[in-house]
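What follows is one structure encoded as structure tokens, with my remarks underneath.
2 protein chains.
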Amino acid sequence: MDAAANRPKRKTRSDVARNRERLLIAAKAAFAQDGARATLDAVARKAGLGIGTLYRHFPTREALYEAVYRRDIEQLVALSDDLSAVADPVEGLRRWLHAAIDMMATKKGMIAAFALGADKTLPISARFNGTLTAELDRLLGRAVDSGRLGERMTAEELLLAVIGMCMLRDQPHWQASVMRLIDTLLDGMIQKGRAAPDG
Amino acid sequence: MDAAANRPKRKTRSDVARNRERLLIAAKAAFAQDGARATLDAVARKAGLGIGTLYRHFPTREALYEAVYRRDIEQLVALSDDLSAVADPVEGLRRWLHAAIDMMATKKGMIAAFALGADKTLPISARFNGTLTAELDRLLGRAVDSGRLGERMTAEELLLAVIGMCMLRDQPHWQASVMRLIDTLLDGMIQKGRAAPDG
DNA sequence: GTTTATACGGAGGACGTCTCCGTTTTTCAA
DNA sequence: TTGAAAAACGGAGACGTCCTCCGTATAAAC
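Protein chains in written order, with this note's numbering: chain A, 1 to 199; chain B, 1001 to 1199.
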């Protein structure tokens, strides 16, 4: 029943933590350079370790993504805490979305990680997207409660829109374009008349 | 100099056209079923032909996508002709975007094809994206000229937004979400006050 | 130093892409 | 018809990546 109770108390080997760290550093560098296309063999080689070791530490590519970008996600969570205190809730929401885009702009592999997260069949979805959707929902809820924004879009939809648009990273001025798209989208959500007839 | 002049006048073989057609039918089915993940081996097998024949007809995966979806693109071009006559230019633009989304909804592989088109390094970009951007630009220009829409977004940006958002196809109600996103975006483009301060 | 649990490494199988060239099919001229 | 030339076909095989498996190496415990 209780696996923890009858496990021998042998310390975990010292090389494990060291190798894990090496792998993460190598992966971060590889993803930054080659984005989603980086091969895992290359990551292992860069870390000076065998491919088998990589797979033991991170059984799937998604697990590796998650470990590499977990810290960044936490940063976005912290930022949403700060921005919940901004006087204008729409502005707070806007700033958070811009920060998310900024982050993806500097980390090539991150977009790939999020794209995987968009696929509901992968467990990474629950962690990355779940966490971020929750934060976004908080900011969005605040703006809606204030009466400034309508309820046209859900937090999840907004997040997916950002992720989707960021997939077009290879365009010349994609970052500015995406930010303008987001701003325009927010403008569209502001309580006013509607452009779209129902038919 | 003139390659056409001194080529022998032998007719092109009759099997070529037949096999090309078979490959297209098989590819269309395979892409519809498996999306971007369909293997080219499977396409060739489904067509009852060798893999070598597939590659001779369509040297790259993108070439095959292009051939499979060319007709659909032409349909969108024709639709934009029709919609240029609609009284309300914003409504015309909106309908065209919805039609594009509808089309992607029924053809799994099409989104993959467009996503490739978003990568400027591939020649398919010039054909698919170029054509569609031109049509969208026409509809958008008309709406801007009427004074109803501001010039916040370019046709290319709008198109890329649609493509990006459609990449999230695996979500439960993605199609409705994307359409609502587009409607909201259009609302945001309508000439009114702005939500986003400059800082 | 010996034992033992644990981790490492990389060979190898599976699978997809793409090429190359011997074989087959089609066209054309006689 | 039939033979030869041109053109297309087919699939074996080289290559690259993913991922697993298990013999070997190493750290911890005693």
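Glycine residues also receive a C-beta, built at the ideal position from the N, C-alpha and C atoms.
- Comparing C-alpha distances from PHE128/A to each of GLY48/A, ALA67/A, ARG142/A, ALA85/A shows the shortest one belongs to ALA67/A.
- In terms of beta-carbon proximity, MET153/A lines the interface with chain B, with at least one pair separated by less than 8 Å.
- GLN1075/B has a beta carbon lying at 8 Å or more from every beta carbon in chain A.
- A contact between stretches requires three or more CB pairs, one per stretch, nearer than 8 Å, and the region 178-189 of chain A meets this requirement with the region 1182-1189 of chain B.
- Taking a Cβ-Cβ cut-off of 9 Å, GLY1147/B has no neighbours in chain A, whose nearest Cβ is about 14 Å from it.
- Of all alpha-carbon atoms in VAL1090/B, LEU1064/B, THR1060/B, ARG1095/B, the one lying nearest the alpha-carbon of VAL1077/B is that of ARG1095/B.
- Boundaries for THR154/A: no alpha helix (DSSP H) harbours it, and the DSSP string shows neither H nor E there.
- Chain A has no Cβ within less than 8 Å of the Cβ of GLN1191/B.
- Bridge pairing for ILE190/A: LEU149/A [DSSP].
- Taking the Cα positions, GLU1156/B is about 14 Å away from MET1165/B.
- Interface annotation, ASP1102/B: not in contact with chain A, CB-CB separation never under 8 Å.
- Exclusion of the five residues before and after TYR65/A leaves ALA113 as the residues of its chain whose Cβ lies within less than 6 Å of its Cβ.
- Secondary structure at VAL1086/B: coil, using DSSP grouped into helix, strand and coil.
- In terms of Cβ geometry, ARG1169/B and ILE1101/B do not form a close pair [threshold 8 Å].
- Counting every other CB atom within 10 Å of its CB across the protein chains shown gives ALA26/A a total of 16 or more, marking it as buried.
- Linking ALA42/A to GLU62/A through their CA atoms gives a straight-line distance of about 16 Å.
- The distance from the Cβ of LEU1136/B to that of LEU1159/B is about 5 Å, consistent with a contact at the 8 Å cut-off.
- Nearest Cα to GLY35/A within the set LYS108/A, GLU74/A, ALA85/A, ARG20/A: LYS108/A.
- Using a Cβ-Cβ cut-off of 7 Å, THR1184/B is close to ARG152, MET153, LEU185, GLY188, MET189 of chain A, given in chain order.
- Neighbours of GLU1157/B in chain A, taken as residues at a C-beta separation under 8 Å, are given in chain order as SER177, ARG180, LEU181.
- In the displayed model, GLN171/A falls within coil according to three-state DSSP, outside both helix and strand.
- By the C-beta density criterion, THR133/A is buried, having at least 16 other C-beta atoms within 10 angstroms.
- At a cut-off of 8 Å, the C-beta of LEU160/A has a neighbouring C-beta in chain B.
- Annotation: the continuous alpha helix (DSSP H) that includes GLY1052/B extends over 1051-1057.
- In the three-state reduction of the DSSP assignment, ARG138/A falls in the helix class.
- Here VAL1086/B has GLY1092, ARG1095 as same chain residues with Cβ atoms under 8 Å from its own Cβ, once five neighbours each way along the sequence are excluded.
- Neighbours of ILE1051/B across chain A, judged by C-beta separation under 8 Å, do not exist; the nearest C-beta is about 24 Å away.
- If you ignore the 5 residues before and after ARG152/A, its C-beta comes within less than 6 Å of the C-beta of MET189, all in its own chain and listed in chain order.
- At a beta-carbon threshold of 8 Å, none of the residues of chain A lie near MET1110/B; the nearest stands roughly 15 Å away.
- TRP1174/B and THR12/A have their alpha carbons spaced roughly 45 Å apart.
- Rounded to the nearest whole angstrom, the CA to CA distance from HIS1098/B to LYS46/A is 47 Å.
- Of the residues GLY1130/B, ALA1105/B, ASP1145/B, the one whose Cα lies closest to the Cα of SER1177/B is ALA1105/B.
- Neighbours of GLN1033/B across chain A, judged by C-beta separation under 9 Å, do not exist; the nearest C-beta is about 17 Å away.
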